[in-house]
Amino acid sequence: MLTIYQSVSLSLKLLFLAPISYSISQHQSWQCMKITFNEYIGTLVLNSEIFSTFATKKKLMRQIIFIVLLTVSIAPLWVFAQYEVMFSDNYPPYNYSDENGKLVGFNIDILVAINDLYGSNITIVGDNWDIINEALDKGDIQAIGGANYPGSPDNNYIYSRSAISTSHCFLYNTQQLSKFSLEVLRSTEKPIVAMWQNDVLIHYVLSINPSAQLLFVDNYEQLINTLDREDVTCIFAQRVGSMYYAEKLGKENIQPLEHRILERNMGFKVSNDSPELAEIINNGLEVILANGEYQRIYDKWINEYNKDPNDWHNYLKYIIITGILIAGLIILLLIANWILQTKVRTKTKDLQQQLELNSHIMTELEKQKIIAEESDKMKSAFLANMSHEIRTPMNGILGFADLLKSADYSSEKQAEFIGIIQQSGNRMLGTINNIIDVSKLESGLEKIQITEVNIKSIITELLNFFKPEASLKGLTLTLNENNRASSKSFYTDEYKLNSILTNLIKNALKFTKEGSIEVNYSVEDTLAEFWVKDTGIGIPQNQQAAVFDQFVQANFSHSSGYEGSGLGLSISKGYVKLLNGEIHLESEQNKGTTFHVRIPNNFTYIISSNENIQFPVSDQPILSKYKIIIAEDDETSFYFLKEVLKDIAESIRHAKDGLEAVELAKNHSDTDIILMDIKMPKLNGFEATKEIRSFNTNVFIIAQTAYAQESYKAKVSDAGCDAYISKPIDKQKLLDIISKCTNQSIS
0 MLTIYQSVSL SLKLLFLAPI SYSISQHQSW QCMKITFNEY IGTLVLNSEI
50 FSTFATKKKL MRQIIFIVLL TVSIAPLWVF AQYEVMFSDN YPPYNYSDEN
100 GKLVGFNIDI LVAINDLYGS NITIVGDNWD IINEALDKGD IQAIGGANYP
150 GSPDNNYIYS RSAISTSHCF LYNTQQLSKF SLEVLRSTEK PIVAMWQNDV
200 LIHYVLSINP SAQLLFVDNY EQLINTLDRE DVTCIFAQRV GSMYYAEKLG
250 KENIQPLEHR ILERNMGFKV SNDSPELAEI INNGLEVILA NGEYQRIYDK
300 WINEYNKDPN DWHNYLKYII ITGILIAGLI ILLLIANWIL QTKVRTKTKD
350 LQQQLELNSH IMTELEKQKI IAEESDKMKS AFLANMSHEI RTPMNGILGF
400 ADLLKSADYS SEKQAEFIGI IQQSGNRMLG TINNIIDVSK LESGLEKIQI
450 TEVNIKSIIT ELLNFFKPEA SLKGLTLTLN ENNRASSKSF YTDEYKLNSI
500 LTNLIKNALK FTKEGSIEVN YSVEDTLAEF WVKDTGIGIP QNQQAAVFDQ
550 FVQANFSHSS GYEGSGLGLS ISKGYVKLLN GEIHLESEQN KGTTFHVRIP
600 NNFTYIISSN ENIQFPVSDQ PILSKYKIII AEDDETSFYF LKEVLKDIAE
650 SIRHAKDGLE AVELAKNHSD TDIILMDIKM PKLNGFEATK EIRSFNTNVF
700 IIAQTAYAQE SYKAKVSDAG CDAYISKPID KQKLLDIISK CTNQSIS
C-alpha cells in the first residue's frame, strides 16, 4: 500500500497542472473542468496502481479529496506565472514574419492552440535565430520554438515532444530534366548542386558523387532561382521550405525527389527553470493531436509543401476532374445509347409499319391488278361498243346520204332516207353526249345547278316523249302518282333529274320485249322518290352489283346484242350521287327489273337567279329582214346557218375568229343579230361578246356552242349574250329564239 508520503509526492507533481486547472475553472464549464481534471487524476492513479492499493472505495475517495485540497492550496502560486517563447522570424512556413510584420507559421499556430486550450499567459516574440538562443541562455525567456533535437542528451534544457519532423531532399527543374533520381545524380559527370554551406550537407552530396561541384547560396530565393540555370543539375535543401519558396516565386516546374534524408524532429526547447511550461506544451500537443486541431494546422501550413511527387493526393484534383469527365462521358454515352435505342425502336416500329403497309399495298396492288385486268377487258369491250355505236349511225348517215346523191328517188323515198339520216344522227349524238357526261363525272368537273323544278311536268313530258317508241314495240307505258301534300317547293338540278329518268326509261324500253313499263313517283317536303318498273329480261344476281359500272354495263349491252352505249346507268348513278341521293335496283331474271331513285329537296343550295337562264320562244312568224353576223370558224357550220337564215336575212357577214367578229360589229353598228360561236381562235366567244358589249348594248347576241352543259347558260349570260343554243342546232329552235328577239328588240 502507498504511504501518505507517496500520495503527497503525487500531489506535488500536480503542482505543474495548477495553472491548467485554474484556466479550466475560469474559461470552461464545470463539466469540462471535471472531465479534464479527472483525466489527469485518472492517469496518475493508473500509473501508481492506486486501485490495487486501496481496499475500499471509501478509502479511495478520502485519498482523492486529500490530493485535490493539497493541489488547490498550492495552485495560486502558479496562477499568475508569465512565459515568453521566441521564434525565428525567417523560417517559413514554420515560423516567419509576413508582409505586415506579424509572426505567423506552423509552430506559431501550435503554441497559440496550446495557450488557448489552457489559458496560460504565454507571450510569443520573433527575432534572429542567434538572438533568441542567446536570450534563452541568459534566462531572459523561458523557451524557443522550432528547435531541432540535438543528437546527444542536453542537461541544460528540456525538449518537448516532437511537434513535427523535417527532412532534406534533392529538387530539380522539370523543364531542364524530364526525369531525375539519385542514379542520375550519381552518374552525371561533374553535376552542379546548389545548397547551403553546411558540412553535413556537403558530406552527404559528395558521398553520392565525389565529382559534384557545389554552388553555395545565402537564402531560399537565391537557391530556388539557381534552378533556372541550364548548368545547375539540382538543389539540396530543406524540403518544405524549398517548396514553400518555389510556390511563392511561381516556379511550378520545380519538383522534389521522393527520397528524404537527414530527417530531424522539431519541437520546443524549454529552460530547466520552467518545467511546468514543458509539461503544458507536452500535454497540449497530446490534446490537439487527439482533437484534430493539429491536423488542421498541418494542412494549413505544411501539407501542400510536403507531398511526395507520386502521392495520390497530388493528383487528387486531376483524378476528380478525370472522374467527372469520365462520368460525364459515360452519361453522354448512356444518353446517346438511349437515344440510339429509341431511334432503333422507332425505326424498327416504322419498318414494321412500313412492312405491314407494303404488305397491305401489295395486297391492294394485287386486287387492283385483277381489277385493272378486268377493267382492261371491259375497256376493250367498251371501245368496241363505242366504235359500234358511233360507226353504226355513221354508216346510216353516210350510206343514205350517198344514195341520195347517186340516183333519183321519189320524194317519198327521199323523205324516208332523210328520216333515217336524222335518226342515225340523233343516235350518234346521244352516244357522244353519254361519253362526254361520263368523262365529266370521272374528272369531277360536273357541277350541280339547283333550281326550282316541277316534277310532275318533267315526268309528263318524258312519258309523252317515250310513248310513241313504247307503242311501236307493243309495250304499255303508264304513270302512277303517289303525291302527298307538300307545302314546300322542290329544288334540284332539272337537267340531271331529267337525264336520270330518261336513262332509266330508255333502259327499260331497251331490255323489255313485251309487257309493260310503269313510272311511279312521290314528292314530299324533304325528298322525291321515283320507281321505273319493267317486265323485261331482268338482271342475273351475279351481275346486279356491277350494273352501274360503266364498262361492265357497256360490255353487257354489247355482248347481249342490244344497241346503245351502255353508259346510261353509270351516268344516272353519278348524277344521283352529285345530288346527294340514292339509287338501287331489284331484279329477277326473265321477270323484270325495278330501279328506285331517291332525291333530296336541295332548297338550301339554291343558286342565284341569273344562273337559271330561260330563253322563251314565240310562235309569231318572222316578218322582218335582219342584218346578221355569223361568228363561226367551221365552214360547214357557217354554210348550214347561212342556209337556215337566208330567208330572214337582209345581209349575212361571216367572222372566222373572235377578233374579226369584234371588228365587224364595230364597223357595222346597225347589225341586228350576232350568232356567236363560243370556241373560236384568237378570241373566244365569251371575250368577243364582252368586247362588243363595251360599245354596243343593243345588238341581240345568240351564243352557239358544241358544249351541252347547263352551266354554259349562266356563263353566256354573264358574258353579255341574250340567248343560248347548243349544237347541233335545231332550225326551228333557232328561228323561235330570233322570233322572240323580234318581239322584244326589233320594232
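Going by numbering that gives the first Met the number 0, the first residue of the sequence shown is number 0, and it counts up by one from there. Heads up, the beta-carbon is just placed ideally off N, CA and C, and yes, glycines get one too. Just so you know, these numbers come straight off a predicted model, no measurement behind them.
Taking G514 and L474 to be in contact with their CB atoms under 8 Å, please state how far apart those CB atoms are, rounded to whole angstroms.
7 Å
Measuring CA to CA, which of A236, R228, E133, D230 is closest to Q196?
A236
Distance, N106 Cα to L226 Cα
29 Å
Do you know how far the Cα of I457 is from the Cα of N497?
7 Å
When you compare the CB positions of A162 and M85, do they come within less than 8 Å of one another, or not?
no
Please work out which residues of its chain come closer than 8 Å, Cβ to Cβ, to R259, disregarding the five sequence neighbours upstream and downstream, and give them in chain order.
S166, H167, C168, R238
Is there contact between the segment 625-643 and the segment 666-675, where contact requires at least three CB pairs shorter than 8 Å?
yes
If you compare alpha carbons, which of A705, I677, K678, G719 is closest to N695?
Residue G719 is the option with its Cα nearest to N695.
Check whether the Cβ atoms of G240 and P91 lie closer than 8 Å to each other.
yes
What is the DSSP secondary structure of M194, reduced to helix, strand or coil?
strand
Is DSSP giving N94 helix, strand or coil here?
strand
Apply the 10 Å Cβ neighbour rule to P467 and answer buried if 16 or more other Cβ atoms are within range, or exposed otherwise.
exposed
Can you tell me which of L658, A406, I201, E528 puts its alpha carbon nearest to the alpha carbon of L261?
I201
On the DSSP bridge assignment, give the partners of L276 in chain order.
Paired residues: none, contrary to the question.
Quick check on M679: does DSSP put it in helix, strand or coil?
coil
For the alpha helix (DSSP H) holding A162, just list the boundary residues, first then last.
Where A162 is concerned, there is no enclosing alpha helix (DSSP H), given that its DSSP letter is neither H nor E.
Buried or exposed: which applies to P620, given that a residue is buried once 16 or more other Cβ atoms fall within 10 Å of its Cβ?
Legend: pLDDT at P620 = 48, less than 50; position of this residue unreliable, value from coordinates given subsequently. The residue in question, P620, is exposed, as its Cβ has fewer than 16 Cβ neighbours within 10 Å.
Would you list the one or two residues that DSSP bridges to Q237?
H167
With DSSP collapsed to three states, give me the class of F510.
coil
Within the continuous beta strand (DSSP E) that includes T459, where are the two ends?
That residue, T459, is in no beta strand (DSSP E); its alpha helix (DSSP H) goes 454-471.
Do you know how far the Cα of T477 is from the Cα of L471?
15 Å
In terms of alpha-carbon separation, which member of N281, N697, G266, G573 lies closest to I447?
G573
What's the gap between the Cα of T548 and the Cα of K739?
Note on identity: in this sequence residue 548 is Asp, with Thr being the wrong assignment. Approximately 43 Å, taken between the alpha carbons.
For P392, which of helix, strand or coil comes out of DSSP?
helix
If you draw a straight line from the alpha carbon of N252 to that of M242, how long is it in whole angstroms?
Approximately 11 Å between the Cα atoms of the pair.
Is T347 closer than 8 Å to Q254 when the C-beta atoms are compared?
no
Under the rule that 16 or more other beta-carbon atoms within 10 Å means buried, what is Y679, buried or exposed?
Contrary to the premise, residue 679 reads as Met rather than Tyr in this sequence. The residue is buried, with at least 16 neighbouring Cβ atoms inside 10 Å.
Determine the direct distance from the alpha carbon of L364 to that of E372, and round the result to whole angstroms.
12 Å
Between which residues of its own chain and F399 is the CB-CB distance below 6 Å, once the five residues before and five after are set aside?
F416, I419, I420
Endpoints, beta strand (DSSP E) assigned at N626:
Before going further, note that residue 626 is Lys rather than Asn in the sequence given. Start and end: 625-630.
Residues near R692 in its chain [Cβ-Cβ closer than 7 Å; skip 5 each side]
G719
The segment 141-148 / the segment 261-276 touching (three or more Cβ pairs under 8 Å)
yes
Can you tell me where the beta strand (DSSP E) holding K268 begins and where it ends?
260-270
Considering F699, what are the terminal residues of the beta strand (DSSP E) in which it resides?
699-704
Label N502 either buried or exposed according to how many other C-beta atoms from any shown protein chain fall within 10 Å of its C-beta, with 16 as the threshold for buried.
buried
Going by CA-CA distance only, name the one from N453, I570, T450, F637 that's closest to I499.
I570
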